[in-house]
Each structure stands twice: as C-alpha cells, then as structure tokens.
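Residues 43 to 472 in my numbering are what the sequence shown spells out, letter by letter.
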Amino acid sequence: MTSKKRQSPLKVLIAIALGILVGDCTQQGKSIFGIDLFSLLHPLYEFFGSLFINALTLVVIPLVASSVITGIARVGDQKSVGRLGLKMVTFYISTTLLAILIGLFFVNVIGPGFSITPEHVSTSADLTDIKHQLVETHANHRFAEFLLKIIPSNVFAAFAKTEMLGIIFFSLLFGYCTSKVKSSFSQTVLDFVKGIFQIMIEFTHVVIKFLPIGVFFLVAKTMSETGLYSLYSLGLFTVTVFLGFMCFTLIALPLLLKWIAKVSPVRHFKAMAPAIITAFSTSSSSATLPITIDCVEKRVGISNRVCSLVIPLGTSLNMSGSALYECVAAMFIAQAYGIELNFFTQFSIVVLALISSIGVAGVPSASLVALIVILKTMGLPIDGIGLFIAVDRLLDMCRTTVNVFSDSCCAVLVACSEGEKSVLTKKVFD
Ligand code: ASP
C-alpha cells in the first residue's frame, strides 16, 4: 500500500474523541427540548457501527484461510512448522503469564475489592441474574466443545459459523498437503489461493478507508450505553485494570521487543497503529484480524510464513489482555466478598486465568464467560460480576487492544528468532 492510500491516524483519533464526546452527551436519560437523545441516536450508532463490523468480518474467513494456506505451503516441511509452532506457543504462554502476574501485582497492591462496602455487595446481586443465566449454560460444556471445534466434521459448516479454530486447522492441513503434492495442479490451486489472499488484502484496504466513520459510531454507541462516569464510579477497579494494561503494553512488551527481538518498540507501535485503533473501537480481535494481518505483513514487514501462523492462531489462543482482566476481576470479587486470599487461592486464579483465556472468543464481552468458569471452579460468587459489569464494556475496548498488540509482539519475536531481517526496517510512518 502506498502512503497516499493510507488512512491518516489523526482522522481516526479525532473520530474517537468525537465518539466519546457525542456518545457521552447522548447517554440514556439525557434530553434536549424534551427529546430523548438516546432513543433517537442510539439506533443510528448501532446501525452504522454494525455495518462497519460486518464489512470487517466479511473479510476474515477468506483472508485467514488463504493466508494460512499460502503461509504453510511456503513453510513446507514438518520440522520447520513444528519449530515455528513451538516458538509461537512459548511466546503466547510466557506473555500471557507475564500479563496475569502484572495484574496480580496491582490487584494485591491496590486492593480495589477491599473498598467495596457490604451494602454494595448485596445490591449488586440483582444486576447479575440475567448475565448469570445467559452464561452459565455456556460455561458447563465449554472446554469439551472448544476441543471438538478444532477438528470440524464439516468444513463448510465451520466456514458458515465462523469457527476460527476449525477453519485454521483445515487451512493448516490443506496448505501442508498442497506442499506435498508435486504437480502442476497443486501449483494452480496454490496460485489461486495466493490470488485470493492478495485480493482480500486489497479488500481490507477498502474497508480501512471507512475506519474514521466506523470508529466514530462504535465509540459513540458504547459511550452512550455506558458513559464515562461509570469509569469514575468504579475508580479503584478501573485504575487497577488500567495500570495492569499500561504496565504490560508500555513496559513489559516493549522490553521484550528491545531485548529479545532487538527492534524499536516505538516503531512497532507506529506500525500497528491502525490495528490498535480498530481493536479499541470494535472490542473484537476477530473483527480486527484483517487489519492486524495487513499491519503485521505490510507495515511491520514480517513474512507471510510467520504472520499466517502466529496472527490467526494468536487471535484465537493468545489473549493476554483478557487473562490479565480475568485475574484482576476474580481477585476483586474475592476481596469484595471477604474471601481469604492465601497463596493457594492466588496461584489457582493465575493458572485458571491462563487456561481459560485460551478459549476466549475474539468478540465483545467474551471474557465474562471465561470469568464465570474461573469463579465456578474457585467457588467464588458469580453474582460478584455485578460489581463491575457497568465498566466491563469500556474495559473491553482496552483489553482487546492489549490482545491484538500482544499477538503482534509475539509475531515479531517469532520472526526475529527465525532470523528475518526485514522486521521494522521499512518506513512505516504515515
Ligand atoms: N473482546 C475481547 C477480544 O475480542 C475478548 C474479551 O472479552 O476479553 O479480544
């Protein structure tokens, strides 16, 4: 993509600021000349926001499938796929564990749950009833279902239902087998898939043109539903989560980039800016996936061989921001309900946050489902979710950003360990 075609980050930042302002001014209960602004404008925000998310999601399946197939066909032999996979999983687990430990540190130091009064705890119970019923059925069979979806019995059904793990598994195997068939037919199939990949990247560029508009409506929608005041009213919890995210994203990950990959973290932030902004406004790492792939390949300069494996799988499996959030939220509930927080409890929360984050879908509020699993397993009160549900949507914007950024850092770490020299050497700044 030439710099002329690129979306100016300034326009998108202005769109976010406007979205926050307009959304906050048109919250539920606010009216001008007796007109209820929320019921008038919220459907508009929702409509145009959904149009943008639909356009992004439209690209996901063909882009991921073609990217994985071409990437794996290029890697070819089993040994190097295994080596790449091992490095990738090592970076996923270590970065997620690091994120959880940072969250654990801040929740212990700040102790946001200790400031919750007993009255607050009892009134919050009503708030969660609906959420509780919604997600409890989900939580029971979640893990087995999650494993079964990795190998779908019908690939078209997996495509139709956007089951990412099934699609990735099929594409991995398809790419691998294509590389094994040495004939002009397999080359034709591969060329066809490569063509789809390039077309889908171009498709993503068309959607990116509408980024400021999409971002405005999505941010305005969330703000009009939640409002900035809710962040203030749950101050300590919000501060704890924010500090955790900041420390992980602005200190821990940049240090890994600097020390292990020996690249400039500032350059990496600049290269990933479009994906970071999209993740923040959509609260969905799956919907952001086309833009993440585009940024990682075209702006960061990572090969399709590494990107096609690390980014789509990372979007499904590497949820550092969500894991940090789940750990802080579970500890917050335990603190609020006066549950003893000995070493065993805290260790179990860390392990559960690590495992349950793996199955978190890249869609808005998916962490709540994983959190229910942690709370149920630990015997912590599920009703405790009501204590912070008001700010969950806003914090979701931040944790999705962390998830996407963490995936991109893992891709840099893997690419540099594979000796790729082009990483962050291009002039990526708009
Ligand atoms: N919204 C997050 C994502 O898409 C998942 C979560 O709820 O934590 O990455």
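Even glycine gets a Cβ: it sits at the ideal position worked out from N, Cα and C. If you're wondering where the values come from, they're calculated on a predicted model, not measured in any experiment.
Given a cut-off of 9 Å on the beta-carbon distance, is the pair C337 and S448 in contact? no
Cβ of D438 within 8 Å of any heavy atom in the ligand ASP? yes
Check whether the region 358-370 and the region 388-403 touch, using three or more Cβ-Cβ pairs below 8 Å as the test. yes
Under the criterion of a Cβ to heavy atom distance below 8 Å, does R341 qualify as lining the ligand ASP? no
Nearest by alpha-carbon distance to L295: which of F133, G61, S109, A107 is it? F133
Using a 10 Å radius around the Cβ and a threshold of 16 neighbouring Cβ atoms, would you call Q175 buried or exposed? Annotation note: pLDDT 44 at Q175 (below 50); position unreliable, coordinate value reported separately. With fewer than 16 other Cβ atoms within 10 Å, it is exposed.
Could you give the residue range of the alpha helix (DSSP H) that holds C452? 431-459
Would the C-beta of L396 count as close to the ligand ASP, meaning under 8 Å from any of its heavy atoms? no
Which residues does DSSP pair with I74 in a beta bridge? I77
Comparing C-alpha positions only, which one of S459, F147, A115, T204 sits nearest to T99? T204
Do G356 and F290 have their C-beta atoms within less than 9 Å of each other? no
Near I114, which residues of its chain fall below 6 Å by C-beta distance, leaving aside the five closest residues on each side in sequence? L214, G217, Y218
Which stretch, first to last residue, makes up the alpha helix (DSSP H) that contains G343? Per DSSP, G343 belongs to no alpha helix (DSSP H) and is neither H nor E.
Looking at the unbroken alpha helix (DSSP H) that takes in D336, where does it start and where does it end? 327-336
Quick one: is the Cβ of Y367 within less than 8 Å of any heavy atom of the ligand ASP? yes
Measure from the alpha carbon of M130 to the alpha carbon of each residue in T330, P85, P354, then state which is nearest. P354
Between the C-alpha atoms of I381 and L140, what's the straight-line distance to the nearest angstrom? 25 Å
Thinking just about the alpha-carbon of each residue, which of L63, D78, V64 is nearest to the one in Q70? D78
F234, DSSP secondary structure in three states: helix
Pick from A408, I142, A376, I424: whose alpha carbon is nearest that of D434? A408
Could you round the C-beta distance between G428 and L417 to whole angstroms and report it? I think they count as a contact, below 8 Å. About 12 Å; that fails the 8 Å criterion.
Can you determine whether any heavy atom of the ligand ASP sits closer than 8 Å to the C-beta of T138, and answer yes or no? no
With a threshold of 8 Å, establish whether the CB of T442 neighbours any heavy atom of the ligand ASP. yes
Endpoints, the alpha helix (DSSP H) within which S398 is located: 385-400
Can you find the residues in the same chain that come closer than 7 Å, C-beta to C-beta, to F201, ignoring five residues on each side of it along the sequence? I103, I209
Cutting at 7 Å between CB atoms, please list the residues of its own chain near V446, excluding the five before and the five after it. A317, I318, A321, S327, T330, T334
Report yes if the C-beta distance between V465 and V305 is below 9 Å; otherwise report no. yes
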